[in-house]
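These notes concern the structure reproduced below.
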Amino acid sequence: MSTNGESDQAIQKIIAEMETNLSVLTWMNASKHDEGTAEHIRALKAALLDAKQDLVKA
87 MSTNGESDQA IQKIIAEMET NLSVLTWMNA SKHDEGTAEH IRALKAALLD AKQDLVKA
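Last residue of the sequence shown: 144 in this note's numbering, with the numbers rising by one and none dropped.
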């Protein structure tokens with residue numbers, strides 16, 4: 087059974103991985119200039135920011 091601290095660390099690690107993946111997607115999309123993908127990436131970044139803020143509040 088994991089503790090809250092371990093769960094928080096796991097969540098932080100997942101969020102960090104997702105941020106890395108979004109950075110790669112942003113870089114890949116820059117060469118294609120696909121506005122639909124760019125909008126989707128912005129929405130994902132906003133959702134990740136919200137998740138990080140919720141984690142800090144918890």
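Ideal placement from N, C-alpha and C gives every residue a C-beta, glycine not left out. These numbers were taken from a predicted model, which means no experiment stands behind them.
Check                                                                                                           : Outcome
Using beta-carbon positions only, say whether Ile-97 and Leu-141 come within less than 7 Å of one another.      : yes
Could you give the first and the last residue of the continuous alpha helix (DSSP H) run that contains His-126? : 121 to 143
Would you report the Cα separation of Lys-118 and Ala-133, rounded to the nearest angstrom?                     : 23 Å
Quick check on DSSP: helix, strand or coil for Thr-112?                                                         : helix
Using a threshold of 7 Å, state whether the C-beta atoms of Thr-112 and Ile-127 are closer than that.           : yes
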